[in-house]
Amino acid sequence: MQDLLWYQYALIGLIFCWSGFVRSSLGFGGAVLALPFLLLVLDEPLVFLPLVAVHLLIFSSWIAWRGHRQIQQAGNSGDSNIDWRYLKRALAIMIVPKLIGVVGLLTLPAELMTAVIFVIVIVYGASYALNRPFRSRSKTVDVVLLALGGYVSGASLIGAPLIVAVFASHVAKHQLRDTLFVLWFILVVIKMVSFIIAGVDLQLEHHLWLLPCAMVGHVLGERVHQALLGARSEVFFRVLGVVLVAVSLVGLATSVG
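Numbering (our numbering), first residue to last: 1 to 257.
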């Protein structure tokens with residue numbers, strides 16, 4: 001990123017602002033909705049993935065900890081902003097596929113795997129958008145979706161839509177975002193370790209100006225998140241479904257393009 005033109009730096013800053021907005025308002029989608037646009041500015045994924053990963057580590061831990069402190073200050077010591085029980089169950093399913101994705105043991109061509117996953121998420125998200133949410137009568141479907149989400153997260157950091165589609169069915173609305181942030185933190189730590197081992201440039205110098213950009217989007221997204229929490233439950237999940245479809249369409253168009 002050393003030899004870009006001024007307008008390219010400006011576009012990157014705006015995209016990271018957008019990424020921060022999406023991440024804090026919904027708890028997911030910051031990477032998937034930002035990467036396609038970042039790659040239009042500079043077609044080098046390994047330049048941006050470490051930047052997105054570090055931002056996710058910072059903001060996810062900050063938001064989850066702040067949610068915990070707010071509950072403590074309100075005197076609700078028995079409550080939690082994180083569904084630890086379901087988080088542990090999901091991690092037990094996802095950890096092995098996550099590690100497989102990290103080490104690159106691909107069982108199918110990456111383009112095909114990504115396309116199939118985004119198609120599944122489009123169907124799942126559409127059911128929420130139409131207020132006809134999908135409810136699996138067996139745990140098998142959820143296990144498959146979480147495993148695929150862990151695999152794609154390990155390979156590219158874009159497994160969020162698939163994972164969210166499952167978590168939204170099992171985690172209470174007021175716990176969903178912060179539970180997802182703890183999950184993202186754990187998954188991204190694994191990814192960052194792989195970057196360091198592989199000797200990938202973490203672009204640390206560019207965090208000095210991109211973190212403030214993401215912060216602006218983060219603050220705006222916080223206000224939207226509070227508005228969503230105050231809305232009726234069906235409105236919240238319809239918004240969630242629409243965003244799932246939008247994220248997946250962007251990802252699908254990128255993968256086949």
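Glycine residues also receive a C-beta, built at the ideal position from the N, C-alpha and C atoms.
Over what stretch of residues does the alpha helix (DSSP H) that includes Leu87 continue unbroken? As a first step, residue 87 must be located in the sequence shown, where it is residue number 87. Note, Leu87: alpha helix (DSSP H), 84-103.
Kindly indicate which three-state DSSP category Leu106 falls into: helix, strand or coil? What you label residue 106 is simply residue 106 of the sequence shown in a count that begins at 1. Confidence is the limiting factor: at Leu106 the pLDDT is only 45, short of 50, which leaves the residue's position unreliable and the question unanswerable from this model.
If you drop the 5 nearest sequence neighbours on each side, which residues of the same chain put their C-beta closer than 8 Å to that of His218? The residue given as residue 218 occupies position 218 in the sequence shown. Contacts found: Gly20, Phe21, Arg23, Ser24, Phe59.
Closer than 7 Å by C-beta to Val245: which residues in its own chain qualify, once you throw out the five before and the five after it? Chain order, please. Reading the sequence shown from its first residue, position 245 is the one you call residue 245. Correct list, in chain order: Ile122, Gly125, Ala126, Ala129.
Could I get the ranges of all uninterrupted alpha helix (DSSP H) runs contained in the stretch 129-178, with 4 residues as the minimum, in chain order? 139-156, 160-170
Spatially closest choice to Val216 from Val182, Ile15, Leu240, by CA coordinates: As a working note, residue 216 is residue 216 in the sequence shown. Of the listed residues, the one whose Cα sits closest to Val216 is Ile15.
With DSSP as the reference, label Leu4 as helix, strand or coil. Against the sequence shown, residue 4 aligns to sequence position 4. Leu4: coil per DSSP, three-state reduction.
Looking at the structure shown, is Thr25 part of a helix, part of a strand, or coil, going by DSSP? Counted from its first residue, the sequence shown places residue 25 at position 25. The identity of residue 25 in the sequence shown is Ser, whereas the question assumes Thr. The answer is helix: DSSP assigns Ser25 an H, G or I state.
Taking Cβ positions, are Leu252 and Phe118 nearer each other than 7 Å? Here the question's residue 252 lines up with position 252 in the sequence shown. Here the question's residue 118 lines up with position 118 in the sequence shown. Against a cut-off of 7 Å, the Cβ pair of Phe118 and Leu252 comes out as a contact.
For Lys173, which of Ile196, Val235, Pro161, Val152 has the nearest alpha-carbon? Taking the first residue of the sequence shown as position 1, residue 173 is located at position 173. It is Val235 whose Cα lies nearest to the Cα of Lys173.
Below 8 Å CB to CB, which residues in the same chain sit around Ile190 once its five sequence neighbours on both sides are set aside? Within the sequence shown, the letter at position 190 stands for residue 190. Once the five neighbours on either side are set aside, the close Cβ partners of Ile190 are Lys98, Leu99, Val102, Gly154.
Write down the C-beta distance between Val32 and Val164 rounded to the nearest angstrom, noting that I regard them as a contact closer than 8 Å. As a working mapping, residue 32 is identified with position 32 in the sequence shown. As a working mapping, residue 164 is identified with position 164 in the sequence shown. Not confirmed; about 10 Å, so no contact.
Would you report the Cα separation of Val141 and Ala227, rounded to the nearest angstrom? Sequence index remark: in the sequence shown, residue 141 carries index 141 (1-based). Sequence index remark: in the sequence shown, residue 227 carries index 227 (1-based). Those two C-alpha atoms are separated by around 32 Å.
Going straight from the alpha carbon of Leu208 to that of Trp184, what length do you get? Here residue 208 corresponds to residue number 208 of the sequence shown, with the count starting at 1. Here residue 184 corresponds to residue number 184 of the sequence shown, with the count starting at 1. Rounded to the nearest angstrom, the two C-alpha atoms are 22 Å apart.
Buried/exposed call for Tyr7, threshold 16 Cβ in 10 Å: One-based indexing of the sequence shown puts residue 7 at position 7. Tyr7 comes out exposed.
Which residues mark the beginning and the end of the alpha helix (DSSP H) in which Val200 is found? Translated into positions along the sequence shown, residue 200 becomes position 200. Looking at the DSSP string, Val200 is not in any alpha helix (DSSP H), and its letter there is neither H nor E.
Could you compute how far the alpha carbon of Ala90 sits from the alpha carbon of Leu146? Locating residue 90 in the sequence shown gives position 90, counting from the first residue. Locating residue 146 in the sequence shown gives position 146, counting from the first residue. Spanning the two alpha carbons is a distance of roughly 7 Å.
Cα-Cα, which of Gly13, Pro161, Ala64 is closest to Val41? Taking the first residue of the sequence shown as 1, we reach residue 41 at position 41. Of the candidates Gly13, Pro161, Ala64, the one whose C-alpha sits nearest the C-alpha of Val41 is Gly13.
Three-state secondary structure assigned by DSSP to Glu222: On the sequence shown, position 222 is the one that residue 222 refers to. Here Glu222 sits in helix by DSSP.
How would you label Asp201, buried or exposed, when you count the other beta carbons within 10 angstroms and need 16 or more for buried? Here the question's residue 201 lines up with position 201 in the sequence shown. Burial call: exposed.
Helix or strand or just coil, what does DSSP make of Ser80? Stepping through the sequence shown from its first residue, residue 80 is reached at position 80. DSSP places Ser80 in coil when its eight states are reduced to three.
Taking DSSP as the reference, what is the three-state secondary structure of Leu38? Here residue 38 refers to the residue found at position 38 of the sequence shown. In the structure shown, Leu38 sits in a helix (DSSP, three-state: H, G or I).
So which of Ala115, Ile196, Val144, Leu220 has the shortest CA-CA distance to Thr254? Here residue 254 refers to the residue found at position 254 of the sequence shown. Checked all of Ala115, Ile196, Val144, Leu220; the closest Cα to Thr254 is Ala115.
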